[in-house]
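Count along the sequence shown starting at 1, add 74, and that's the number in this note's numbering.
Built from N, CA and C at the ideal position, the CB exists for glycine as well.
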Amino acid sequence: MKYALIAAATLLFVGCVTPQTEVPRETPLASEALGLDGPTIQVADEHWWEALGDPQLSKLIDDALRDSPTLAQALARVRTARAQAQAANAAKGPSYSINADETWQRFSENFYIPPPYAGSHQWLGQVTANLGWTLDFWGRQQALIDEATSGVLASRLEVEAARLALTGAITQAYLDLHRKWELLDIAQRLLDENAELLRLTQGRVSAGLDREVELKTAEASLAQARAGVLQAQSERDLAIHRVAALAGYGADRYAQIERPRLKLDAAIELPEELPLDLLGRRPDILAARARIEAAASARVAARAAFYPEINLNAFVGMQAIGLDQIVQSGSRTYGVGPAIHLPIFDAQRLRAGYSGATAQLDSAVAAYNSTVLAAVRETADQLTLNASLAQQIAALEQAVDASSSAYEIARKLYGAGLANQLRVLNAEEQVLNARRELVNASTNLALARISLRLMVGGSFDPSAHV
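1. For Phe87, collect the residues of the same chain with a Cβ closer than 8 Å to its Cβ; drop the 5 residues on either side in sequence, then sort them by chain order.
2. Per the DSSP calculation, Phe389 is bridged to which residue(s)?
3. Tell me which residue opens and which closes the beta strand (DSSP E) that Ile172 is part of.
4. With DSSP as the reference, identify every bridge partner of Glu383, one or two as the case may be.
5. For Leu344, which option in Ala107, Arg99, Gln116 has the closest C-alpha, if you only look at C-alpha atoms?
6. In the DSSP assignment, find the unbroken alpha helix (DSSP H) run with Leu296 in it and report its ends.
7. Can you grab the Cα-Cα spacing for the pair Leu240 / Asp358, in whole Å?
8. Give the single residue among Gln402, Leu352, Ala372 whose Cα lies nearest to the Cα of Val201.
9. Contact check, Ala292 vs Ala261 under 8 Å by CB: the rounded distance?
10. Could you pull the start and end residues of the alpha helix (DSSP H) that Gly430 belongs to?
11. Go to Glu100, then tell me how far its alpha helix (DSSP H) extends in each direction, as first and last residue.
12. Alpha carbon to alpha carbon, how far is Ser478 from Leu238?
13. For the structure I just gave you, are there three or more beta carbon pairs, one from the region 200 to 219 and one from the region 140 to 151, closer than 8 Å?
14. I believe Asn387 touches Leu205 by the beta-carbon criterion, under 8 Å. Please report the beta-carbon distance rounded to the nearest angstrom.
15. Compare the Cα-Cα distances from Ala467 to each of Ala431, Ala372, Leu338, Ile400 and report the closest residue.
16. Applying the 10 Å Cβ sphere with the 16-neighbour rule, what's the burial state of Arg406?
17. Using DSSP's beta-bridge definition, name the partner residues of Ala394.
18. For Leu79, which of helix, strand or coil comes out of DSSP?
19. Do Ala438 and Ala369 have their C-beta atoms closer together than 7 Å?
20. Taking the alpha-carbon of Asn500 as reference, which of Asn268, Met529, Gly404 has the nearest alpha-carbon?
21. Using the C-alpha atoms, what's the distance from Arg373 back to Trp122?
22. Does the count of Cβ pairs from the region 150 to 161 and the region 222 to 233 closer than 8 Å reach three?
23. For Ala174 and Leu209, what's the separation of their Cα atoms in angstroms?
24. Measuring only the C-alpha atoms, how far is Leu264 from Ala299?
25. Between Leu360 and Val530, how many whole angstroms is the CB-CB distance? I'm expecting something under 8 Å.
26. Apart from the five residues on each side of it in sequence, which residues of its chain come closer than 7 Å, Cβ to Cβ, to Ser516?
27. Would you please state the rounded distance, in angstroms, between the beta carbons of Arg316 and Ala247? I believe it to be under 8 Å.
28. Cα-Cα, which of Leu512, Ala448, Trp212, Arg485 is closest to Ala473?
29. State the Cα-Cα distance for the pair Thr84 and Asn163, rounded to the nearest angstrom.
30. Quick check: Val279 and Leu272, are their CB atoms within less than 7 Å of each other?
31. Who are the Cβ neighbours of Leu457 in its own chain at under 6 Å, not counting the five residues just before and after it?
32. State the DSSP-derived secondary structure class of Gly213, mapped to helix, strand or coil.
33. If you drop the 5 nearest sequence neighbours on each side, which residues of the same chain put their C-beta closer than 6 Å to that of Arg485?
34. Considering only DSSP beta bridges, list what Pro345 is partnered with.
35. Just to confirm the assignment: which complete beta strand (DSSP E) runs, minimum length 3, are found wholly within the region 231 to 284?
36. What's the C-alpha gap between Leu28 and Arg356?
This is the structure we're talking about:
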């Protein structure tokens, strides 16, 4: 017995292939080094877009969340990850099987089968119940379970990130559709104003106050205004197509999308600084972190593979020569014992696997750091945009009021014969540009407010998923 134990210990020692020194090169970024010092922010309402007060937008998002191929793919990845986790958990416990076979066989006369069976034809049968159990001395199976569990968490978080991205994309596209409608209104108003200018010019030409050149100029301005309306209509239709595609609609639903009725100044809770809990609020960041944990567990499993694998095997059943004897008590058989797999000749493969696992860990950390830096930059960008656009809108509102008054004055003076057509056209161009800039700035502010809400996690609640 003593010699058997010494032999077993020697085999275990010899069977251990020494792993190489492999240190990960990447380190996850910490929030302390990113300038996250603002107060924490509350989770938004689950249906935060309803604050914009447009039932059509709510229906578009509901339909998209129900039928989105992107979400379907993300949910399929969750199911795959769960299946992998179940398989990893199953491998940790004992495995059971029942085997039964009957073979018509001629027994050799020069083998271990004694007479009268030697040289005869007989049925050789057995029925056994088998047990196999890999003993996880080195933690490899547990590491594989941890890897799979982290993979499930990452997949679930990626579903939430996809859901957040989809609702944000539809809302942003819907806001852009609102912008296109507003710009179409401006183009139509310009057309009406140019039609009025042409009428005034025709009257002045008839009265001998203007010449043919002013008439042709007014006609050209009206034609350009018509082209502007057609272009604005085209851009509006393209915006409808984009919204429909995001919602999962086909071309047959284009005509059903009506003009948005949005409350652009809806109250949405927004931070004024980079929130301290930013890294713990966004599902994409948490998913990237879970991928790091999965890669770290895979590295532990790759290291544990260098050590001997010890299995416990057992069986019990019946074995007999001849069908009539297999159920007799003397046909009983059973056995139990250990089995050791020594990875002596697998050194190169194991070291390559360990190096690859370390590289995967570095890749996961680099992806996490990239996601973190992008999140910080995007959030800071939206904070800056919100502050700047609010100031721009105040200035543009003044510009629209002043340029509109100037245009009305110039038009009246022109109609009274006290100003030339060029002054009217210049005033019209100024008011047109001011109106367009105000529409763009107002829409951009709403987009920036929604984007900022999304950048800090939107309606995602980390406590419900982590």
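On the basis of the data shown:
1. Its pLDDT being 48, under 50, Phe87 is placed unreliably by the model, and the measurement read from it follows with that caveat. Cβ within range, chain order: n/a, list empty.
2. Asn204, Gly409
3. 169 to 180
4. His415
5. Gln116
6. 286 to 321
7. 13 Å
8. Gln402
9. Not quite, the Cβ-Cβ distance comes to about 18 Å (not below 8 Å), so this is no contact.
10. 421 to 489
11. From DSSP, Glu100 is part of no alpha helix (DSSP H); its letter is neither H nor E.
12. 41 Å
13. no
14. 7 Å
15. Per the sequence presented here, residue 467 reads as Ile, with Ala not at that position. Residue Leu338 is the option with its Cα nearest to Ile467.
16. exposed
17. Gly199
18. With a pLDDT of 46 at Leu79, under the threshold of 50, the modelled position of that residue is not reliable, and no figure is offered here.
19. yes
20. Asn268
21. 41 Å
22. yes
23. 27 Å
24. 6 Å
25. So it is not a contact: roughly 13 Å between Cβ atoms.
26. Leu338, Ile467
27. 5 Å
28. Leu512
29. For Thr84, the pLDDT reaches just 46, beneath the cut-off of 50, and the residue's location in the model is therefore unreliable, although a value from the coordinates is still provided. For Thr84 and Asn163, the distance between alpha carbons rounds to 31 Å.
30. no
31. none
32. coil
33. Val498
34. Per DSSP, none; premise fails for Pro345.
35. none
36. As displayed, the chain neither begins before 75 nor continues past 540, which places residue 28 out of reach and without an answer.
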